[in-house]
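Numbering (our numbering), first residue to last: 805 to 1175. See structure below.
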Amino acid sequence: MLKKLSFALFDSGETILGALVFSTFFPLYITSYLDTKIYTFLYGLSFGISFILALFLGKLADEKGLRKNFFFLFVILTALCAIGLYIFHKTPYTALLLFILMAIFHQQALVFYNSILLNFKEKGFTSGLGVAFGYVGSAVSLIFLAKFLNIPSVFLITAFIFLIFALPSLIILKNPSHVSKVSIKSILKEKKFIFTIFAVLSLTEVANTLIAVMGIYLKKVYGFEDVQIYKIIGISAFGGIVGGVFWGYLADKFKIEKIFLFGFLLWVTFLVLLPFISSKFVFFIGFLAGFSLSHIWTVSRILIIEKFPPEQVSTRMSFLSLTERIASTTGLIIWSLLLLITGDNFKLSAFLMVLFPLIGLLFYKISFKEI
């Protein structure tokens, strides 16, 4: 159990880092010096760099057995960059460079962190526990910590919180011993894998768009005040905690490809119900949102590990990381287009997002024809 908790604590620490630095304080800080479009372009560019680097390093890690080594290296580099933001906050362009590097290092750490799941017998429960701890970390940081923090101290404090939560995994977790030659060209030609990645991407598109626009949707459709919105998001976090443990448990008990299939049903149900839910039942929708989100985070990494060669886990996890980054950008672009087409009809736009899980289900059925 100690190893599982160590794994889960890192999930919590990196979520705190994401919530406080990546999503909140640094964007507020840098956009007071730099045009938002330039910042978002450079931040988006870092994701492309991250993927290319992760492919190269993932291949090296799989062939040389260096997963834990790279995980350790990039955790430390991520923390050092966060400390650097505190030191250089008076020179915004230096801070921006450090932030871009931190984003790249953080993505590498996540790829090799996910790879360490190879060592666990109960991969589903371990992954789900990590997701649950991640939701706890996000909720605590935004509800309780954020109001006591300010720039630049938030960068230093968050760096140490991240390191403290990462230490158990750095010390206790072992390096997966699997090694194998890896051909990226062969992986790109592997239809089953590529279709699976597209299926994961379809769900991640909906998930990331929901996270980004939930507050705006609740305000525009229901006219809720900020306090009510925070409560619903809190209920969503509770749904994520419950869902992480629930889906992790099921992932260990049943075939992972069948458990992943539930994700398409969950999101279709959520998006079909959403436009018709009255304000009285919106807390149920908040819970269902978190419950559905936890499914994709918990199950997708287990799917990649169990259905494809474990010796190539780091290389393949880099593709999983790419789906997250693509979805963060394209989901919002597509949401904007839907609002434009529907004349700012938020309910109809949300309903039309159902096309994503339906298309994803088609890709998934092609990947796993036996389902």
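The C-beta atom is built at its ideal place from N, Cα and C for all residues, glycine as well. Bear in mind that the values here come from a model prediction, so they are computed numbers and not experimental data.
I think residue i touches residue j, with their Cβ atoms under 8 Å apart; what is that distance to the nearest whole Å?
i               : j               : result
isoleucine 1063 : tryptophan 1051 : 7 Å
aspartate 1056  : glutamate 926   : 5 Å
leucine 1054    : glycine 928     : 7 Å
valine 879      : leucine 974     : 6 Å
Under 8 Å, do residue i and residue j count as touching if we go by C-beta distance?
i                 : j              : result
alanine 1111      : threonine 930  : With the sequence shown as reference, residue 1111 is identified as lysine, and alanine is not the correct amino acid for it. No, Cβ-Cβ distance for lysine 1111 and threonine 930 is not below 8 Å.
lysine 1091       : glycine 1043   : One point to set straight first is that residue 1091 is phenylalanine, not lysine, in the sequence displayed. Yes. Within cutoff.
valine 1158       : valine 1076    : yes
glutamine 911     : alanine 858    : yes
leucine 824       : threonine 1008 : no
glycine 852       : serine 1118    : no
phenylalanine 909 : leucine 813    : no
tyrosine 939      : alanine 1041   : yes
phenylalanine 875 : alanine 907    : no
glycine 1048      : alanine 936    : yes
isoleucine 976    : serine 810     : yes
leucine 820       : isoleucine 965 : Note on identity: in this sequence residue 820 is isoleucine, with leucine being the wrong assignment. A contact, by the Cβ cut-off of 8 Å.
proline 896       : tyrosine 843   : no
leucine 900       : isoleucine 834 : yes
phenylalanine 845 : serine 1006    : no
Less than 6 Å between C-beta atoms, sequence neighbours within five positions excluded: which residues of the same chain meet that for residue i?
i                  : result
phenylalanine 1172 : Glu1061
proline 980        : Arg871, Leu922, Asn923
serine 919         : Arg871, Val1117, Ser1118, Met1121
tyrosine 1021      : Phe1150
phenylalanine 1074 : Leu1092, Ser1096
leucine 1142       : Ser1153, Leu1156
Among the options, whose alpha-carbon lies nearest the alpha-carbon of residue i?
i                 : options                            : result
leucine 1162      : Leu1141, Phe1068, Phe1155          : Phe1068
asparagine 954    : Ser854, Leu832, Val1004            : Leu832
phenylalanine 999 : Thr1127, Gly822, Cys885            : Thr1127
leucine 922       : Ile1106, Leu881, Ala907            : Ile1106
isoleucine 1170   : Asn1149, Met1121, Ala1003          : Ala1003
leucine 848       : Asp1148, Ile1130, Leu1166, Lys1151 : Sequence inspection shows glycine at residue 848; the leucine mentioned does not correspond to that position. Of Asp1148, Ile1130, Leu1166, Lys1151, the residue nearest in Cα terms is Ile1130.
leucine 902       : Phe830, Phe845, Leu877, Ile1089    : Phe830
leucine 1070      : Gly1094, Tyr1034, Ser987, Asn873   : Gly1094
lysine 1084       : Leu946, Pro1113, Gly1027, Leu1136  : Gly1027
histidine 1099    : Thr898, Ile1039, Gly822, Phe1066   : Phe1066
proline 956       : Lys894, Ser1104, Ile1001           : Lys894
isoleucine 1015   : Ser990, Leu1142, Leu1136, Ile1145  : Leu1136
glycine 941       : Gly1147, Gly822, Ser1006, Asp1148  : Gly822
serine 850        : Thr1133, Asp1148, Phe1160, Ile1145 : Thr1133
glycine 869       : Val983, Pro1114, Pro1113           : Val983
phenylalanine 798 : Ile991, Thr1146, Tyr1034, Ile1045  : The question about residue 798 has no answer, for the chain in this structure spans 805 to 1175.
Below 7 Å CB to CB, which residues in the same chain sit around residue i once its five sequence neighbours on both sides are set aside?
i               : result
tryptophan 1139 : Thr1013, Val1017, Ser1153
glutamate 994   : none
lysine 985      : Glu867
serine 1122     : Phe855, Ala858, Leu859, Gly862, Val915
leucine 933     : Lys808, Ala812, Gly1048, Val1049, Gly1052
Beta-carbon within less than 8 Å of residue i's beta-carbon, same chain only, minus the 5 sequence neighbours each way: which residues are those?
i              : result
isoleucine 887 : Phe959, Leu960, Ala963
proline 1079   : Lys1151, Leu1152, Ala1154, Phe1155
Compute the minimum distance between the beta carbon of residue i and the heavy atoms of the ligand ATP, and state whether it is under 7 Å.
i           : result
valine 1076 : With respect to the ligand ATP, the structure offers nothing, as it holds no ligand at all.
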